[in-house]
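All residue numbers for the sequence shown refer to the working numbering, where the first residue is 126 and numbers rise by one.
C-beta atoms are modelled at their ideal positions from N, C-alpha and C, and glycine is treated no differently.
Structure first, commentary second.
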Amino acid sequence: MSDSLLRPSSLINTVYGAFLRGLGGWISIADLIVVMGELDVEGPAVRSAISRLKKRGILEPERRGVNGYRLSPAVHEVFDEGDRRIFGSLEPADLADGWVMAVFSVPESERAYRYQLRTRLTWLGFGNMAPGVWLAPGRLLDDARGALVRLGLSEYAHLFTSQYAAFSDLRASVSSWWDFPAIQAQYAAFTDTYGPVAQRLTQEEDLDDTEAFRHYVPLLTQWRRLPYLDPGLPKELLPDDWNAIAARQLFQQLRAALAGPSLRHVRTVTGLDEPPAMDGTPSGTAS
Numbered sequence: 126m127s128d129s130l131l132r133p134s135s136l137i138n139t140v141y142g143a144f145l146r147g148l149g150g151w152i153s154i155a156d157l158i159v160v161m162g163e164l165d166v167e168g169p170a171v172r173s174a175i176s177r178l179k180k181r182g183i184l185e186p187e188r189r190g191v192n193g194y195r196l197s198p199a200v201h202e203v204f205d206e207g208d209r210r211i212f213g214s215l216e217p218a219d220l221a222d223g224w225v226m227a228v229f230s231v232p233e234s235e236r237a238y239r240y241q242l243r244t245r246l247t248w249l250g251f252g253n254m255a256p257g258v259w260l261a262p263g264r265l266l267d268d269a270r271g272a273l274v275r276l277g278l279s280e281y282a283h284l285f286t287s288q289y290a291a292f293s294d295l296r297a298s299v300s301s302w303w304d305f306p307a308i309q310a311q312y313a314a315f316t317d318t319y320g321p322v323a324q325r326l327t328q329e330e331d332l333d334d335t336e337a338f339r340h341y342v343p344l345l346t347q348w349r350r351l352p353y354l355d356p357g358l359p360k361e362l363l364p365d366d367w368n369a370i371a372a373r374q375l376f377q378q379l380r381a382a383l384a385g386p387s388l389r390h391v392r393t394v395t396g397l398d399e400p401p402a403m404d405g406t407p408s409g410t411a412s
């Protein structure tokens, strides 16, 4: 498992997205340090990660009797979009539904935007057909449109919906537009890491909430990148040894077993429950 996937800021993102967002979106710094301590992240590393997330506009300071941080309203849409991608349909796309094509042209004087476009389209699961031409299953149209608008990149890109007509073998072409070995390597890393966890859970009658949390947060942090790198291509176009299905089944099995106990653990540690009623006034003073 890559250490970069489990850096403190990534784990904190997961804690906010999976638990705190449904519990009002705020946590005291003291409680967050306790929660992250269960994941072997020490206090100074938590504070450093919070600082980075604040600079990126993901977290905002808010005092509710004690100092804490809430999820920035600006990223709620991003997290909602992530839910749809991470927990939504894990089935391959239907070839008959066609494709979304992104074409962009960026002046040399603004080449930084070219890098941003390539990076974002790759993150959305697009494959690179040719310089400035990217392709993904048609069902990713809304995700692509929303991301490009949100990032201020829409003026540089054109989105088309299309069907493949001719002339090459589409399966062979697709294998050159997406890096299948790299995607499969990440699925293999996931199953190698968490397959033994699933096997162990089937042998345990009572699962400790704290232990569930210690498994679930790293698991979800590692998993949530994969549905973006893998766009869910039609099964007719995938390699014969495609290992995504087994990895997805493993994720669903572990999520069903671990998500509930993990949420109980967070509630026990923080005392947080359902979000407070919103009356239009701030809950505290930003510090």
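Rounded C-beta distance between residue i and residue j? I'm assuming under 8 Å.
i	j	result
glycine 252	leucine 260	5 Å
valine 231	tyrosine 238	5 Å
proline 352	isoleucine 211	5 Å
valine 166	proline 133	5 Å
threonine 393	aspartate 334	7 Å
leucine 419	arginine 339	Residue 419 falls outside the range modelled here, since the chain spans only 126 to 412, and no answer is possible.
tryptophan 303	methionine 254	Not confirmed; about 10 Å, so no contact.
tryptophan 151	arginine 177	Rounded, the Cβ-Cβ distance is 19 Å, inconsistent with contact.
From the DSSP secondary-structure annotation, give me the bridge partner or partners of residue i.
i	result
isoleucine 370	Looking at the DSSP assignment, isoleucine 370 forms no beta bridge with any residue, so it has no partner.
proline 262	Trp224
phenylalanine 212	Beta-bridge pairing links phenylalanine 212 to no other residue.
alanine 255	Val258
phenylalanine 229	Ala282
Does the distance from the C-beta atom of residue i to that of residue j stay below 9 Å?
i	j	result
tyrosine 341	serine 387	yes
leucine 145	leucine 196	yes
valine 140	valine 391	yes
proline 198	asparagine 192	no
tryptophan 348	phenylalanine 376	yes
leucine 354	proline 262	no
tyrosine 312	alanine 269	no
alanine 282	leucine 295	no
lysine 413	tyrosine 194	Outside the displayed range of the chain (126 to 412) lies residue 413, so it cannot be described from this structure.
asparagine 368	glutamine 309	yes
leucine 345	alanine 174	no
leucine 278	leucine 242	yes
glycine 250	proline 343	no
arginine 256	leucine 363	The displayed chain sequence assigns proline, not arginine, to residue 256. Cβ atoms of proline 256 and leucine 363: not closer than 9 Å.
Kindly indicate which residue of the options has the alpha-carbon position closest to the one of residue i.
i	options	result
aspartate 267	Met226, Thr346, Gly142, Ala155	Met226
leucine 157	Ile137, Gly250, Ser293	Ile137
leucine 383	Gly182, Leu332, Arg296	Leu332
serine 300	Leu344, Tyr312, Glu361, Arg264	Glu361
threonine 286	Arg264, Gly385, Thr346	Arg264
glutamate 202	Leu276, Arg389, Tyr240, Leu363	Leu276
glycine 147	Asp205, Gly190, Arg172, Pro356	Asp205
glycine 396	Glu216, Gly149, Gln309	Gly149
glutamine 288	Asp398, Gly168, Arg177, Gly223	Gly223
leucine 379	Leu363, Leu326, Glu336	Leu326
glycine 162	Glu336, Gln374, Leu363, Arg350	Glu336
alanine 290	Glu216, Leu220, Ala381	Leu220
valine 350	Arg172, Ala307, Gln328	It should be noted that the sequence gives arginine, not valine, for residue 350. The shortest Cα separation from arginine 350 among Arg172, Ala307, Gln328 belongs to Ala307.
phenylalanine 315	Gln328, Ala155, Ile370, Ser135	Ile370
tryptophan 248	Ser234, Glu280, Gly207, Gly213	Gly207
Unbroken alpha helix (DSSP H) runs of length 4 or more, entirely within the stretch 139-177: which are they?
154-162
In chain order, what are the residue ranges of uninterrupted alpha helix (DSSP H) at least 4 long that sit wholly in the stretch 275-304?
DSSP runs (the alpha helix (DSSP H)) wholly in the stretch 275-304: 295-302.
List in chain order: all unbroken alpha helix (DSSP H) runs of 4+ residues lying wholly within the stretch 302-376.
Counting whole runs of 4 or more residues, the stretch 302-376 contains the alpha helix (DSSP H) stretches 305-326, 334-348, 351-354.
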